[in-house]
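Asker: Quick one: structure below, then a few questions.
In the numbering used here, the protein residues as written are 1 to 453.
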């Protein structure tokens, strides 16, 4: 970024340069208006810092000459002056200066110049939810945000904001809220509502705005979940810098989450079917079975194998085989119950792990899946599947108890039932379904695979 500094005073030019150090800024120095105008005939800086007294002309005349060139008209320009009167500031803004700063106020000057640099070099899109009940303030702040190219949705009450946030079709990159609002929900109440909300809204950055500027109030607002606080009245550049910072941080966080999601999917999702993969099932399957048994819930494992899948691949090609897998997977996903886990376990084998179920329910569901697959015709290919099932439910426990001489021995510690046992039993049942002619559902006798210690 290039910043043109126009000031007869070498000391003040140095002040501005030092402020901009570390901001990836190249400073171009001119000692008067004529020299600066000569530079501007061939160059277009990203921003201009202008002293009011330039030696050969005043800043207002200098700015008028700049505005005559349409190519330079939109460059942010800020005035450095020792004149502290409101009348002078009004004239400066009317003349077209972006901001007016007092030379002796170095702290404000430093913050504002860096804010202007950030504003001038950052071009981001954003959708902002803005809550403010004072219309004049709302008009001004909305204008600032729209001038930055952002979409602004303005409401006057916390209730209206809450309703918009509840709509999953609404996505916001930033919430800007005053603390005093129409209705019963205050700005603090709205901040609490957002931070306690669902995953879609709880991480939206919040910029709190208030006419009160005491430190205790700022601490209170930030403690309740606001990302930043700004007191009214505020500089346009200060407001934008804070807002941009919050938006950029959110976008960075969104990118990190997207990367994490992509890595997770690469590690745990099968690329062809979109189902969980073997790695996922091996990592979480044992825990699901263990938790179900400890909570006295029925759990079942079904292994599904597409009949003659190798012939489909060899005869119609791997792309056709992939389409068969996709359609079979989509059917199973559409018929699964909440809590079910479906995974492609390898090749044409799909595993379905079901918790909170009983033998009769599982058998009926597997028959529906088998029948549904039989009706598929991906790329004109007739498809059938064989299914082997193992189920651990009350019926199995009852039979185990009856086989034991001492009923007290029929405890979870005495009976070893886990994911591997269910898988082995389902695999044997799948083999039986294939042996008996394929396109069948076979239920295993789990007791044949259970060790009693």
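All C-beta atoms, glycine included, are put in the ideal place defined by N, C-alpha and C. Given the structure is predicted, the values throughout are model-derived calculations rather than measurements.
Grouping DSSP H, G and I as helix and E and B as strand, with all else coil, what is residue 154?
Answerer: strand
Asker: On the CB-based measure, 16 or more other CB atoms within 10 Å of its CB, does residue 106 come out buried or exposed?
Answerer: It is exposed - the Cβ of residue 106 has fewer than 16 other Cβ atoms within 10 Å.
Asker: Can you name the residues that DSSP bridges to residue 276?
Answerer: 269, 343
Asker: Under the rule that 16 or more other beta-carbon atoms within 10 Å means buried, what is residue 85, buried or exposed?
Answerer: exposed
Asker: Do residue 82 and residue 102 have their C-beta atoms closer together than 8 Å?
Answerer: Yes. Within cutoff.
Asker: Residue 233: buried (16+ other C-beta within 10 angstroms of its C-beta) or exposed?
Answerer: exposed
Asker: With distance defined between alpha-carbon atoms, name the residue in 9, 240, 90, 389 nearest to residue 444.
Answerer: 389
Asker: Rounded to a whole number of angstroms, what is the C-alpha to C-alpha distance between residue 208 and residue 146?
Answerer: CA-to-CA, the gap between residue 208 and residue 146 works out to about 18 Å.
Asker: How about the stretch 298-307 and the stretch 315-334: do they share at least three Cβ pairs that are nearer than 8 Å?
Answerer: Output reads yes: the stretch 315-334 touches the stretch 298-307.
Asker: What are the partner residues of residue 392, as DSSP defines its beta bridges?
Answerer: 299
Asker: Could you name each continuous alpha helix (DSSP H) segment of 4 residues or more that falls completely within the stretch 67-144, going from the start of the chain to the end?
Answerer: Listed in chain order, they are 86-95, 106-121.
Asker: Skipping 5 residues on each side, what residues in its chain have a beta carbon closer than 6 Å to that of residue 442?
Answerer: 388, 429, 432, 433
Asker: Counting beta carbon pairs with one atom in the stretch 280-299 and one in the stretch 151-164, are three or more of them shorter than 8 Å?
Answerer: no
Asker: Could you give the C-beta distance for residue 67 and residue 96, rounded to a whole number, given that I count them as a contact under 8 Å?
Answerer: That pair is a contact at about 6 Å.
Asker: Closest to residue 357 by CA distance: which of 300, 89, 181 is it?
Answerer: 300
Asker: So residue 213 and residue 241 are in contact, right, with Cβ under 8 Å, and what is the actual spacing, rounded?
Answerer: Actually they do not touch by this definition, with Cβ atoms about 17 Å apart.
Asker: Mind pulling the beta strand (DSSP E) runs of 3 or more residues that sit fully within the stretch 159-216?
Answerer: 174-178, 206-210
Asker: Could you tell me which of 315, 344, 316 sits nearest to residue 454, measuring between CA atoms?
Answerer: Any answer about residue 454 is impossible in this case: the structure gives the chain only from 1 up to 453.
Asker: Which residue or residues does DSSP assign as beta-bridge partners of residue 53?
Answerer: 58
Asker: Is the beta carbon of residue 191 closer than 8 Å to that of residue 201?
Answerer: no
Asker: Apply the 10 Å Cβ neighbour rule to residue 338 and answer buried if 16 or more other Cβ atoms are within range, or exposed otherwise.
Answerer: exposed
Asker: Give the DSSP-derived three-state secondary structure of residue 63 in the structure shown.
Answerer: Here residue 63 sits in helix by DSSP.
Asker: Under a Cβ-count criterion, where at least 16 other Cβ atoms within 10 Å of its own Cβ denotes burial, should residue 108 be classed as buried or exposed?
Answerer: exposed
Asker: Could you spell out where the beta strand (DSSP E) holding residue 230 opens and where it closes?
Answerer: 228-231
Asker: Cα-Cα, which of 392, 93, 16 is closest to residue 421?
Answerer: 392
Asker: How far does the beta strand (DSSP E) with residue 433 in it reach, from first residue to last?
Answerer: Segment 419-435 is the alpha helix (DSSP H) holding residue 433; no beta strand (DSSP E) there.
Asker: Between which residues of its own chain and residue 175 is the CB-CB distance below 6 Å, once the five residues before and five after are set aside?
Answerer: The residues 129, 204, 206, in chain order, have a CB closer than 6 Å to that of residue 175 in the same chain once the five nearest residues on each side in sequence are set aside.
Asker: Within this structure, are the beta carbons of residue 98 and residue 77 separated by less than 8 Å?
Answerer: yes
Asker: Am I right that residue 127 and residue 151 are in contact with their C-beta atoms under 8 Å? What's the rounded C-beta distance?
Answerer: 5 Å
Asker: Near residue 411, what residues of its chain come up, given a Cβ to Cβ distance below 7 Å and the 5 sequence neighbours on each side ignored?
Answerer: Summary for residue 411: the model assigns pLDDT 49, below 50, so the residue's position carries little reliability, and this model does not support an answer.
Asker: So, residue 157 versus residue 181, is the Cβ gap smaller than 8 Å?
Answerer: yes
Asker: Name, in chain order, the residues that DSSP records as bridge partners for residue 305.
Answerer: 349, 386
Asker: Cα separation between residue 409 and residue 425?
Answerer: For residue 409, the predicted model reports a pLDDT of 49, less than 50, meaning its position is unreliable; a value from the coordinates is still stated below. Cα-Cα distance, rounded: 23 Å.
Asker: Roughly how many angstroms separate the alpha carbons of residue 133 and residue 333, rounded to a whole number?
Answerer: 48 Å
Asker: What separation, rounded to the nearest whole angstrom, lies between the Cα atoms of residue 294 and residue 418?
Answerer: 11 Å
Asker: Consult DSSP for residue 377 and reduce its assignment to one of helix, strand or coil.
Answerer: coil
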